[in-house]
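Participant: Following this message is one structure expressed as structure tokens.
Structural data, given as structure tokens:
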């Protein structure tokens, strides 16, 4: 089979390796309500990205902090390449390892968090999320061009209102992303402590880019006219 690459201007995507294996997963709260009300909520969802990523079910450990879980054996359903949490929605970039792994992992994450949220908020029952999570296979060139950037830059909504129009400087934006606790960007480029959730090596290998070049590309993207004309429904499914 010949190898096909998409040229994104400074980096390449190996389509043969990715098609059928990679998907953007996203969901939001019912009626666009908040699904994360405090830091404990964010932490619970983040930790479940690690604990539920196991073929044989949720991993159990005496350790309450996943940063201290180092010796548990597991067979992963997916590799997590990117994640981003905002008050009323989330985004994941997943690479499937076993057949049906993305759908099973997504189901587990949604069900476990809904159960936790309803139990924590006494008197609440029923659906937390707007619909079933959208699982969008990465098949089109536009998706390859935008999705990694979109997921990373999504977190800017937490700090800069209407940032796609009223642009912060690229340096200010990147410094915020490096410090934002609820995104994988901090683990890639900041002082994050949750790299065990991710497979950063797979991301860089699959997209054929170095960390240094990715930062350069995202800086250029921040000043690009393309940001303000993102077709969110077609690119991300939200």
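Residue numbers (my numbering): 52 to 289. In this text, a Cβ means the ideal position worked out from N, Cα and C, and glycines have one as well.
Starting from residue 82, trace the beta strand (DSSP E) both ways and give me its first and last residue.
Facilitator: Per DSSP, residue 82 belongs to no beta strand (DSSP E) and is neither H nor E.
Participant: Alpha helix (DSSP H) containing residue 225: first to last residue?
Facilitator: From DSSP, the alpha helix (DSSP H) with residue 225 extends over 221 to 230.
Participant: What are the start and end residues of the beta strand (DSSP E) that includes residue 129?
Facilitator: Per DSSP, residue 129 belongs to the beta strand (DSSP E) from 129 to 137.
Participant: Identify whether residue 189 lies in helix, strand or coil by the three-state DSSP scheme.
Facilitator: Coil at residue 189, not helix or strand.
Participant: According to DSSP, residue 146 sits in a beta bridge with which residue or residues?
Facilitator: DSSP lists 73, 130 as partners of residue 146.
Participant: Compute the Euclidean distance between the alpha carbons of residue 238 and residue 245, then round it to the nearest angstrom.
Facilitator: Whole-angstrom Cα-Cα distance: 6 Å.
Participant: Which of helix, strand or coil does DSSP assign to residue 242?
Facilitator: It is coil, neither helix nor strand.
Participant: Report the three-state DSSP secondary structure of residue 94 (helix, strand or coil).
Facilitator: Residue 94: helix per DSSP, three-state reduction.
Participant: May I have the straight-line CA-CA distance separating residue 131 from residue 195, to the nearest angstrom?
Facilitator: The straight-line gap from Cα to Cα measures roughly 16 Å.
Participant: Applying the criterion that 16 or more other CB atoms from any shown protein chain within 10 Å of the CB defines a buried residue, is residue 178 buried or exposed?
Facilitator: With fewer than 16 other Cβ atoms within 10 Å, it is exposed.
Participant: Might you give, ordered along the chain, the residues of its own chain that have their beta carbon closer than 6 Å to the beta carbon of residue 210, omitting 5 neighbours on each side?
Facilitator: Correct list, in chain order: 227.
Participant: Considering only residues of the same chain and omitting the five flanking positions on each side of residue 78, which have a CB-CB separation below 8 Å?
Facilitator: Counting only Cβ-Cβ distances below 8 Å, and skipping sequence neighbours, we find 140, 141, 161, 180, 181, 182, 183, 184, 185.
Participant: Using 8 Å for Cβ pairs, my map puts residue 144 next to residue 133. What's the rounded Cβ distance?
Facilitator: Contact holds; Cβ gap of about 4 Å.
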